[in-house]
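Read the structure below first, then the notes.
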Amino acid sequence: MQKLNVLINVRHKSRQNTISVTIKGIERFAGNIYEARRQLMCLDEPRIVAQIPATYHIPDAPAYSLNTGKFP
Numbered sequence: 030m031q032k033l034n035v036l037i038n039v040r041h042k043s044r045q046n047t048i049s050v051t052i053k054g055i056e057r058f059a060g061n062i063y064e065a066r067r068q069l070m071c072l073d074e075p076r077i078v079a080q081i082p083a084t085y086h087i088p089d090a091p092a093y094s095l096n097t098g099k100f101p
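The sequence shown begins at 30 in the numbering used here and counts up one residue at a time.
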């Protein structure tokens, strides 16, 4: 999901006849991971907002894209 800047990996577990879905994202944008989960599962519940302390954010930190693996 490029608009949320997360990577989604889907893997079929043949022995258990199940599917494993892994959503990876940047920790400081944890809300995007929860939103990707909500959209994938088609949930009607309210959006989960991650409470990240202001001290966690580094001022003037460059953005990083999981999709390209580069700093813009």
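Ideal Cβ placement from N, Cα and C applies to all residues, glycine included.
{"query": "Give every residue of the same chain whose Cβ lies closer than 7 Å to the Cβ of residue 62, excluding the five residues on either side of it in the sequence, and list them in chain order.", "result": "35, 52 and 54"}
{"query": "Check whether the Cβ atoms of residue 30 and residue 59 sit closer than 7 Å, and answer yes or no.", "result": "no"}
{"query": "Cβ atoms of residue 49 and residue 40: under 7 Å apart, would you say?", "result": "yes"}
{"query": "Residue 57 by DSSP, collapsed to three states: which one?", "result": "helix"}
{"query": "Could you give the first and the last residue of the continuous beta strand (DSSP E) run that contains residue 36?", "result": "36-42"}
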